[in-house]
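Participant: Protein sequences appear in the order of chains C and P. Start counting the first sequence at 0; every next residue gets the next number (numbering that gives the first Met the number 0). Start counting the second sequence at 0; every next residue gets the next number (numbering that gives the first Met the number 0). The following block contains the structure, expressed as structure tokens.
Protein chains: 2
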Amino acid sequence: MSSLHPVDLAKAYRLLNHGPTVIVTSAHAGAANIMAAAWSMPLDFSPPKVAVVIDRSTRTRELVEASGEFALNIPSRQIARETLAVGSASGREVDKFREYGLATLPSGKIGAPLLDGCLAWLECRVIPEPHIQARYDLFLGEVVAAWADPEAFRDGHWVFEEGAPRSIHYVAGGNFFETGDSFEVKK
Amino acid sequence: MSSLHPVDLAKAYRLLNHGPTVIVTSAHAGAANIMAAAWSMPLDFSPPKVAVVIDRSTRTRELVEASGEFALNIPSRQIARETLAVGSASGREVDKFREYGLATLPSGKIGAPLLDGCLAWLECRVIPEPHIQARYDLFLGEVVAAWADPEAFRDGHWVFEEGAPRSIHYVAGGNFFETGDSFEVKK
């Protein structure tokens with residue numbers, strides 16, 4: 000089971016700043032769903048905000064619009080197969096948690112579950128912007144709580160040690176990049 | 000000098016899908032500017048659209064709003080230092096092209112210059128959404144032309160061969176990740 004340590008909200012943008020693929024979890028009225036999303040990004044530092052594209056055809060879209068909440072879960076390479084699977088199947092046709100044997104943990108501040116085995120989690124409340132939701136499938140959210148596995152992110156920094164799980168970046172057709180080596184540039 | 004080959008617009012989203020840090024170039028009425036942006040993402044496949052956060056305090060913001068155009072340039076690790084520099088200095092105070100010795104190439108369809116030495120380039124026209132521009136510094140654009148260095152991206156795919164230049168992902172405080180190893184997941 001994942002170890003969730005709280006992340007200072009002022010540092011929460013760093014969980015997404017390098018552009019990892021995320022998994023969106025959502026819940027409403029006793030139903031929950033899970034899907035992958037390659038298109039997300041930070042939108043502001045403080046309070047932290049995010050933007051994410053949630054297609055109008057998805058079950059997740061219904062649950063996010065009904066609940067006004069979603070969580071962004073940051074998967075590691077170890078669960079890339081599950082990430083691809085939940086981005087391919089539809090929650091209209093199958094209970095993806097059951098189908099893929101996905102364990103969840105409760106959120107702290109929202110109703111959506113958090114996916115076990117991820118590196119970090121952002122709990123978000125939708126900032127209602129009906130025009131861009133309808134026109135572009137674009138959702139904005141305020142991050143109301145953030146968590147990370149301290150083996151991957153601690154003291155406000157990603158710490159991808161040699162051989163330890165790293166985040167992933169989807170391309171297309173089942174192809175991903177792993178997050179690569181870190182390096183520092185001096186001004 | 001960079002070798003620019005056209006990218007099929009239907010595949011242009013793949014240039015951004017893995018979440019690399021980009022450099023935004025802009026021009027209006029004889030003035031041009033350049034800044035880094037960690038916060039961008041694809042917004043749609045066809046026609047391809049992008050979203051990017053451009054802070055209201057920047058010179059780039061003025062040029063993008065005045066021209067209705069911008070280019071997203073995808074830098075490699077080889078120019079990470081320049082990426083950090085153009086993300087730190089302001090175009091109000093210095094001509095960053097001159098200050099950092101940055102060569103440019105002409106765009107095909109817009110007025111903004113393209114930064115030489117990058118891996119790929121997306122020429123964009125702003126999709127006017129004044130409310131989210133004003134409230135969240137969030138700009139949407141339609142990709143009207145796309146280019147890539149065939150050593151990095153060809154036939155619709157990134158090809159980061161061993162030792163060849165790769166894209167980068169900004170974290171904070173001068174720290175980046177390089178795009179790492181690619182891997183394929185079978186459904």
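Each residue gets a CB set at the ideal place from its N, CA and C atoms; glycine is no exception. Please read these numbers as outputs of a predicted model, since none were measured by experiment.
So, under 8 Å CB-CB, Pro41 (chain C) and Val49 (chain C) are touching, yes? Tell me the CB distance rounded to an integer number of Å.
Facilitator: Mapped onto the first sequence, residue 41 (chain C) falls at position 42. Mapped onto the first sequence, residue 49 (chain C) falls at position 50. With 8 Å as the limit, Pro41 (chain C) and Val49 (chain C) qualify as a contact, their Cβ atoms being about 6 Å apart.
Participant: Could one say the Cβ of Val52 (chain P) lies closer than 8 Å to chain C's Cβ atoms, at least one of them?
Facilitator: What you label residue 52 (chain P) is simply residue 53 of the second sequence in a count that begins at 1. In terms of beta-carbon proximity, Val52 (chain P) lines the interface with chain C, with at least one pair separated by less than 8 Å.
Participant: In chain order, what residues of the same chain lie with their CB nearer than 7 Å to the CB of Arg91 (chain P), ignoring the 5 residues before and after it?
Facilitator: For the purposes of this step, residue 91 (chain P) is taken as the residue at position 92 of the second sequence. So the list reads Arg58, once near-sequence residues are dropped.
Participant: Report the rounded CA-to-CA distance for Ile22 (chain P) versus Ser89 (chain C), giving the unit in angstroms.
Facilitator: The sequence position of residue 22 (chain P) within the second sequence is 23, counting from 1. The sequence position of residue 89 (chain C) within the first sequence is 90, counting from 1. Cα to Cα, Ile22 (chain P) sits roughly 36 Å from Ser89 (chain C).
Participant: Based on the DSSP output, what are the partners of Cys123 (chain P) in its beta bridges?
Facilitator: Within the second sequence, residue 123 (chain P) is the residue found at index 124, counting from 1. Per DSSP, P:Phe69 and P:Val142.
Participant: Taking three-plus beta-carbon pairs below 8 Å as touching, is the segment 119–130 of chain P in contact with the segment 13–33 of chain C?
Facilitator: no
Participant: Please work out which residues of its chain come closer than 8 Å, Cβ to Cβ, to Ser181 (chain C), disregarding the five sequence neighbours upstream and downstream, and give them in chain order.
Facilitator: Residue numbering aside, residue 181 (chain C) sits at position 182 when the first sequence is read from its first letter. Around Ser181 (chain C): Trp157 and Phe159.
Participant: Just checking: is the beta-carbon of Gly18 (chain P) within a distance shorter than 8 Å of some beta-carbon in chain C?
Facilitator: The residue given as residue 18 (chain P) occupies position 19 in the second sequence. It does: the Cβ of Gly18 (chain P) has a partner Cβ on chain C nearer than 8 Å.
Participant: Taking the alpha helix (DSSP H) that Tyr135 (chain P) belongs to, which residues open and close that run?
Facilitator: As a working note, residue 135 (chain P) is residue 136 in the second sequence. Pro129 to Tyr135 is the span of the alpha helix (DSSP H), which, as asked, contains Tyr135 (chain P).
Participant: Looking at the structure shown, is Leu42 (chain C) part of a helix, part of a strand, or coil, going by DSSP?
Facilitator: By 1-based counting over the first sequence, the position of residue 42 (chain C) is 43. In this structure, Leu42 (chain C) counts as strand in the three-state DSSP scheme.
Participant: Give every residue of the same chain whose Cβ lies closer than 8 Å to the Cβ of Pro149 (chain P), excluding the five residues on either side of it in the sequence, and list them in chain order.
Facilitator: As a first step, residue 149 (chain P) must be located in the second sequence, where it is residue number 150. Only Ser2 and His4 meet the Cβ criterion.
Participant: Are the C-beta of Tyr99 (chain C) and some C-beta of chain P separated by less than 8 Å?
Facilitator: The count along the first sequence starts at 1 and reaches residue 99 (chain C) at position 100. Taking Cβ atoms only, chain P never reaches closer than 8 Å to Tyr99 (chain C), which makes this a no.
Participant: Figure out for me which residue from C:Lys108, C:Leu113 and C:Glu141 has the closest Cα to the Cα of Met34 (chain C).
Facilitator: Here residue 34 (chain C) refers to the residue found at position 35 when the first sequence is read from its first residue. Nearest of C:Lys108, C:Leu113 and C:Glu141 to Met34 (chain C), Cα basis: C:Leu113.
Participant: Counting only Cβ pairs nearer than 7 Å, list the residues of chain C close to Lys185 (chain P).
Facilitator: Taking the first residue of the second sequence as position 1, residue 185 (chain P) is located at position 186. Going along chain C in sequence order, the residues near Lys185 (chain P) (Cβ under 7 Å) are Gly173.
Participant: Considering only their Cβ atoms, is the gap separating Arg76 (chain C) from Pro164 (chain C) smaller than 8 Å?
Facilitator: On the first sequence, position 165 is the one that residue 164 (chain C) refers to. On the first sequence, position 77 is the one that residue 76 (chain C) refers to. Contact: yes.
Participant: Determine the direct distance from the alpha carbon of Ala119 (chain P) to that of Ala70 (chain P), and round the result to whole angstroms.
Facilitator: For the purposes of this step, residue 70 (chain P) is identified with residue 71 of the second sequence, where counting begins at 1. For the purposes of this step, residue 119 (chain P) is identified with residue 120 of the second sequence, where counting begins at 1. Going from the Cα of Ala70 (chain P) to the Cα of Ala119 (chain P) covers about 10 Å.
Participant: Taking 8 Å as the CB-CB limit, is His4 (chain C) close to chain P?
Facilitator: Locating residue 4 (chain C) in the first sequence gives position 5, counting from the first residue. No, His4 (chain C) lies away from the interface with chain P (no Cβ there is under 8 Å from its Cβ).
Participant: I need the DSSP call for Phe96 (chain P), collapsed to helix, strand or coil.
Facilitator: Start at 1 with the first residue of the second sequence, and residue 96 (chain P) comes out as number 97. Three-state result, Phe96 (chain P): helix.
Participant: List the whole-angstrom C-beta distance separating Ala79 (chain P) from Phe175 (chain P), where the pair is believed to meet the contact cut-off of C-beta under 8 Å.
Facilitator: As a working mapping, residue 79 (chain P) is identified with position 80 in the second sequence. As a working mapping, residue 175 (chain P) is identified with position 176 in the second sequence. Confirmed, about 6 Å.
Participant: For Pro41 (chain C) and chain P, any beta-carbon pair shorter than 8 Å?
Facilitator: Within the first sequence, numbered from 1, the residue matching residue 41 (chain C) stands at position 42. Pro41 (chain C) has a beta carbon lying within less than 8 Å of a beta carbon in chain P.
Participant: Can you tell me where the beta strand (DSSP E) holding Val85 (chain P) begins and where it ends?
Facilitator: To locate residue 85 (chain P), count along the second sequence from 1; it is residue 86. Element bounds for Val85 (chain P): not the beta strand (DSSP E) but the alpha helix (DSSP H), Ala79 to Val85.
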